[in-house]
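Structure follows, in structure tokens:
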């Protein structure tokens, strides 16, 4: 059985600062949800830290993603209320991962680019990305929180 970290753990305070100070200039980004983390792994991203609330420890999707993590990834199980405070969204999915911001570039002559500004709900973002894919958009650019 792995330890469950509470709000007073020094590592939680570090993560709270890291997640809270994210900006467009930050070298790291936070990915929320086991599906999104799995897709990041598929794309070659290597999480440095993965955080899961204790209620989801045995969730099949969480376990499947955990098995795919590199040995270097720190896997942290935290109290549910701590996870809710760490997660950037109001209705968090049961996994957060911190990964290095991937390098981004646009195609030389894109015909369709979807630009999204200030989309706060990951579900809405996912819907818009799928819509962009359906119309064969060359790129999706997300700016703002």
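In our numbering, the protein residues as written are 567 to 711. The beta carbon of each residue, even a glycine, is placed where N, CA and C say it ideally should be.
How far does the beta strand (DSSP E) with residue i in it extend, from its first residue to its last?
i	result
residue 705	705-709
residue 619	615-619
residue 679	679-683
residue 644	640-644
residue 662	662-666
Let me confirm a value: residue i is counted as buried when at least 16 other C-beta atoms fall within 10 Å, else exposed. Which label applies?
i	result
residue 710	exposed
residue 701	exposed
residue 572	exposed
residue 600	buried
residue 683	exposed
residue 653	buried
Out of the options, which has the shortest C-alpha to C-alpha gap to residue i?
i	options	result
residue 649	600, 582, 610	582
residue 597	635, 586, 613	613
residue 655	691, 666, 676, 608	691
residue 659	579, 666, 627	627
residue 569	617, 637, 682	617
residue 636	657, 646, 652, 664	664
residue 642	668, 677, 615	615
residue 639	662, 586, 693	662
Measure how close the beta-carbons of residue i and residue j come, nearest whole angstrom, since I'm counting them as under 8 Å.
i	j	result
residue 704	residue 679	6 Å
residue 629	residue 604	Not quite, the Cβ-Cβ distance comes to about 12 Å (not below 8 Å), so this is no contact.
residue 706	residue 698	5 Å
residue 644	residue 578	7 Å
residue 611	residue 668	6 Å
With residue i as the anchor, note down where its alpha helix (DSSP H) starts and where it stops.
i	result
residue 602	600-608
residue 701	Residue 701 -> no alpha helix (DSSP H), and no H or E assigned at all.
residue 635	Looking at the DSSP string, residue 635 is not in any alpha helix (DSSP H), and its letter there is neither H nor E.
residue 568	First-last for residue 568: undefined, no H or E at that position.
Verify the contact flag: residue i, CB atom, against every heavy atom of the ligand SAM, threshold strictly below 7 Å.
i	result
residue 655	Because no ligand of any kind appears in the structure shown, any question about the ligand SAM cannot be addressed here.
Would you say residue i faces chain B, with C-beta separation under 8 Å as the test?
i	result
residue 636	Note that chain B does not occur in the displayed structure, where there is just one protein chain.
Is it a yes or a no for the region 664-672 touching the region 620-628, going by three-plus beta-carbon pairs under 8 Å? no
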